[in-house]
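Peer 1: One structure coming up, written as structure tokens, with questions to follow.
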Amino acid sequence: MTRRIEPGPNQESVWDYPRPPAIEPVEQRLRVVFNGETIADTTQAYRILETSHPPTYYLPPGDIEMDYLHRLNRTSMCEYKGRAVYYDITVGDRTARQAAWAYPSPRSPYAVLEDHVSFYASKMDACFVGEEEARAQEGDFYGGWITDSVVGPFKGGAGTIGW
1453 MTRRIEPGPN
1463 QESVWDYPRP
1473 PAIEPVEQRL
1483 RVVFNGETIA
1493 DTTQAYRILE
1503 TSHPPTYYLP
1513 PGDIEMDYLH
1523 RLNRTSMCEY
1533 KGRAVYYDIT
1543 VGDRTARQAA
1553 WAYPSPRSPY
1563 AVLEDHVSFY
1573 ASKMDACFVG
1583 EEEARAQEGD
1593 FYGGWITDSV
1603 VGPFKGGAGT
1613 IGW
């Protein structure tokens, strides 16, 4: 592992996040843009904070244009939150495959995430936390959004699986 980056003012280190993950409401506005459309816009989201990962944001279905999301037969299992389902996103002539996921029946204490959707920033045109455009966490498995307020190093890239 690379050495922990010391957080500066108004920053937090992902190495200070707990395991099992913490959940907390998000005060900033979150937006997701794909193929020129804002497909999600909320001030009612949650974020999951897990050791070595940038925050993962979960947006309520009422603030998402759900007609753009198409649920897949694919599922996966999180040891903490339970079974996840996945979505393709189609806007106009573009489709992002397996670009979002949700927990239809999350385990406690994550029950507030029921049907909330998390988006892979790498598969969207842009994801915003406040006015800042988030950067995608490396790797195909993780979906964290990196902003200037979090420092790593972050799990997900090549050689980090054993962290």
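So for the sequence shown, my numbering puts the first residue at 1453; every next one is plus one. C-beta: ideal position from N, C-alpha, C; glycine also.
1) In chain order, what residues of the same chain lie with their CB nearer than 6 Å to the CB of Arg1526, ignoring the 5 residues before and after it?
2) From the DSSP output, in three-state form, read off Ala1552 for me.
3) What distance in whole Å lies between the Cβ atoms of Tyr1555 and Tyr1562, which are believed to be in contact at a cut-off of 8 Å?
4) Please report the straight-line C-alpha distance between Arg1549 and Val1543, rounded to a whole angstrom.
5) For the candidate residues Ile1541, Ala1536 and Pro1558, whose alpha-carbon lies nearest to that of His1522?
6) For the beta strand (DSSP E) containing Pro1472, name the first residue and the last one.
7) Report the CB separation of Ala1578 from Trp1553 in whole angstroms; it is logged as a contact under 8 Å.
Peer 2: So, from the listed chains and residues:
1) In the sequence shown, counting from the first residue as 1, residue 1526 sits at position 74. Excluding positions up to five away in sequence, the list reads Tyr1538.
2) Residue mapping note: residue 1552 aligns to position 100 of the sequence shown, counting from 1. In this structure, Ala1552 counts as strand in the three-state DSSP scheme.
3) Here residue 1562 refers to the residue found at position 110 when the sequence shown is read from its first residue. Here residue 1555 refers to the residue found at position 103 when the sequence shown is read from its first residue. With 8 Å as the limit, Tyr1562 and Tyr1555 qualify as a contact, their Cβ atoms being about 7 Å apart.
4) As a first step, residue 1549 is located in the sequence shown; it is residue number 97 there, counting from the start. As a first step, residue 1543 is located in the sequence shown; it is residue number 91 there, counting from the start. Looking at the two C-alpha atoms, the distance is approximately 12 Å.
5) In the sequence shown, residue 1522 corresponds to position 70, counting from 1. Of the candidates Ile1541, Ala1536 and Pro1558, the residue whose Cα lies closest to the Cα of His1522 is Ile1541.
6) In the sequence shown, residue 1472 corresponds to position 20, counting from 1. No beta strand (DSSP E) holds Pro1472; DSSP gives it neither H nor E.
7) Stepping through the sequence shown from its first residue, residue 1578 is reached at position 126. Stepping through the sequence shown from its first residue, residue 1553 is reached at position 101. Contact doesn't hold; Cβ gap of about 19 Å is too wide.
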